[in-house]
Amino acid sequence: MSVASAKRAAKSTTRPGGTLYRGHEGMWSWVLHRITGVAIFFFLLVHILDTAVVRISPEAYNAVISSYQNPLMGIGEIGLVGAIVFHALNGLRIIAIDYWRKGVKYQRPMFWTVIGVWVVLMAAFIPRQIIVIISEVQG
Amino acid sequence: MTTIATPRSPYARSPRRGVNWEKAGWLYMRISGVILVVLILGHLFVNLMLGEGVKGIDFAFVAGKWASPFWQVWDVLMLWLALIHGANGMRTIVNDYATTRGMRVTLKTFIGISAVGLILLGTLVATTFDPCPQVSVDQLHLLPSFCPPQ
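Listed in order, the protein sequences are those of chains A and B.
Using my numbering, the letters of the first sequence map in sequence onto residues 1 to 139.
Using my numbering, the letters of the second sequence map in sequence onto residues 1001 to 1150.
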């Protein structure tokens, strides 16, 4: 590299070519994928244990599952579903990047597609869940 | 004495022996991921969107689902695929962030034990489940309506 082109490269604020995980949507989708993945993993551990109580007695299972049926956990479930839906959709985006010929080229619009579909699915779930939460409060 | 390759010699991979487990894991994440999208989104839709949502979940609800082999297979498949997927993801994260060998081995041992333990527990629960167990009189009303009178 000549001195002149090296100076140009140092001044340039555009992303270097061929980076998928450095900055912008590529990086933040990776960060979100990790955070949601870890959160889902720990929920899964708890969820298998709470479901296992179904094998002990009907009374014991109903007691355990009722701890999910209050407004605080109801809001937590919105967070959980949001994490799962993002992880699922972004996972499909990752597969497209790996296997689709034009996957890397379109990774950025695919990220915003993931966000768009996420918004649509959450717009379907959140009102439903709020109705459930209100009916829990009213008993 | 170590020898270095002749300059400009073409890159050659060092010969590998046996199964490439890292590649198998990479592939597993993608294959199980696609199946889990269907299984988990279906699970969420049936349990949280239909009926009364999470408010409607109780022993009778689970018994109603697991009285059918369809949901037993669905849930056991989901259990195995999701826990192995999650444990492998956690393994990757530990490899990335745990700086000492001791810490990596410790954390991955915990991950492995919890994954194997919970897979066995969950499979046992879902396959040996009785939707109409013998219960005391005060718990009879908690059973699903299709159970024969005791």
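Ideal placement from N, C-alpha and C gives every residue a C-beta, glycine not left out.
Of the residues Asp-1130/B, Leu-1079/B, Pro-1149/B, Arg-1030/B, the one whose Cα lies closest to the Cα of His-1043/B is Leu-1079/B.
Not one beta carbon of chain A lies nearer than 9 Å to the beta carbon of Ser-1068/B. The contact set of Ala-1098/B on chain A, defined by CB atoms closer than 7 Å, is empty, because the minimum CB distance reaches about 14 Å. If you compare the alpha carbons of Thr-113/A, Glu-77/A, Val-137/A with that of Leu-89/A, the shortest gap goes to Thr-113/A. When rounded, the separation of the alpha-carbon atoms in Gly-91/A and Val-1105/B is 27 Å.
The beta carbons of Ile-84/A and Leu-1041/B sit closer together than 9 Å. Taken through DSSP and simplified to helix, strand or coil, Gly-1051/B comes out as coil. Under the criterion of beta carbons closer than 8 Å, Pro-1149/B and Cys-1132/B do not qualify as touching, at roughly 10 Å. For Ala-1024/B, the nearest beta carbon of chain A is not closer than 9 Å to its own beta carbon.
Approximately 4 Å separates the beta-carbon atoms of Leu-1081/B and Ser-1032/B; this is inside 8 Å, confirming the contact. In chain order, Val-54, Pro-58, Tyr-61, Asn-62 make up the part of chain A whose C-beta sits under 7 Å from the C-beta of Phe-1059/B.
Three or more beta-carbon pairs separated by less than 8 Å link the stretch 64-75 of chain A to the stretch 131-138 of chain A, which places the two stretches in contact. Secondary structure at Leu-1142/B: helix, using DSSP grouped into helix, strand and coil. Contact annotation: Phe-1061/B and Gly-1051/B have beta-carbon atoms nearer than 9 Å.
Look at Phe-111/A: its C-beta is not under 9 Å from any C-beta on chain B.
With 16 or more other CB atoms across the displayed protein chains lying within 10 angstroms of its CB, Tyr-61/A is buried. Between the stretch 35-50 of chain A and the stretch 1113-1126 of chain B there are three or more inter-stretch CB-CB distances shorter than 8 Å, so the stretches are counted as touching. In this structure Gly-1086/B is buried. Its beta-carbon is surrounded by 16 or more other beta-carbon atoms within 10 angstroms. Boundaries cannot be given for Lys-102/A, as no alpha helix (DSSP H) includes it and DSSP labels it neither H nor E. In the three-state reduction of the DSSP assignment, Ala-1098/B falls in the coil class.
Chain B places a beta carbon closer than 9 Å to that of Gly-74/A, counting this residue as a contact. From the listed residues Thr-1127/B, Ser-1136/B, Val-1137/B, the smallest Cα separation to Ala-1063/B is found for Thr-1127/B.
Residue state for Arg-93/A is assigned as helix, using DSSP reduced to three classes.
A check of alpha carbon separations from Ser-1114/B across Val-1076/B, Ala-1067/B, Asn-1088/B, Gln-1139/B identifies Asn-1088/B as the nearest. When only Cα atoms are considered, Lys-1108/B and Val-38/A end up about 14 Å apart.
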